[in-house]
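Here numbering that gives the first Met the number 0 is used: the first residue of the sequence shown is 0, the next is one more, and so on. From the three backbone atoms N, C-alpha and C, an ideal C-beta is built for every residue, glycine too. Keep in mind it's a predicted model, so treat the numbers as computed, not measured. One structure is given here, and the rest of the page talks about it.
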Amino acid sequence: MDFEFSIEGDSEGYVQFECPYCESEFRLMAGEIQNEEEYYNEIFCPYCGLVDEMSNFYTREAIEYAKELAMNYMYDELNKAFGGMSKKMKKSKFIKMKWKPLKKINVQEIRTEDSAEEEFECASCNRHVKVLYCAGKSKVFCSYCGVDI
Ligand SMILES: [Zn+2]
Ligand SMILES: [Zn+2]
């Protein structure tokens, strides 16, 4: 089963990612990660430069959100299955079954708040990365092509 979910970007269209290695958070422009021409399967962490599958960079918040959607889907399927069963069983004198629809979890849309991260543009691919640029860190890697910006 594929679950589709969308995450709304900040006011400039950036969505949040989290590096699975250094746990740093960064942002990428939604329209640059995924558009009609291309889709990135692997991205680089702008802080440590490590490359991994895009799905490993989802934030904990996004993963929780996806899990809730999956749960709701399961509840729907269960409700359908048991709903049908209880209709059939009503006709039987011997078996009585009470059935209540399961309550769905309220799924809240994820919205990315604006933050103090700085925007960088890669000189070689012209894509954008938003990172928290600390004085201690002198290098920022492009999430798309991996060069340092
Ligand atoms: Zn990292
Ligand atoms: Zn680049």
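The alpha helix (DSSP H) that contains residue i, what's its start and end?
{"i": "E31", "result": "A29 to I32"}
Quick one: grab the DSSP three-state call for residue i.
{"i": "K138", "result": "coil"}
{"i": "D113", "result": "coil"}
{"i": "E76", "result": "helix"}
{"i": "E120", "result": "strand"}
{"i": "E108", "result": "coil"}
The beta strand (DSSP E) that contains residue i, what's its start and end?
{"i": "V50", "result": "V50 to E52"}
{"i": "F4", "result": "Counting along the chain, F4 falls outside any beta strand (DSSP E), and DSSP gives it neither H nor E."}
{"i": "V14", "result": "Y13 to E17"}
{"i": "K129", "result": "H127 to V130"}
Could you tell me which residues DSSP pairs with residue i in its beta bridges?
{"i": "E41", "result": "E52"}
{"i": "R59", "result": "For R59, which the question treats as bridged, DSSP gives no partner whatsoever."}
{"i": "F25", "result": "F16 and V130"}
Use the C-beta contact count for residue i: other C-beta atoms within 10 angstroms, 16 or more gives buried, fewer gives exposed.
{"i": "V146", "result": "exposed"}
{"i": "L27", "result": "buried"}
{"i": "F119", "result": "buried"}
{"i": "C121", "result": "buried"}
{"i": "K129", "result": "buried"}
{"i": "R126", "result": "buried"}
{"i": "I42", "result": "buried"}
{"i": "C141", "result": "buried"}
Would you list the residues whose beta-carbon is nearer than 6 angstroms to any heavy atom of ligand 1, in the order they occur in the chain?
C18, Y20, C21, S23, C44, Y46, C47 and L49
For ligand 2, which residues have a Cβ under 6 angstroms from at least one heavy atom, in chain order?
C121, S123, C124, R126, C141, Y143, C144 and V146
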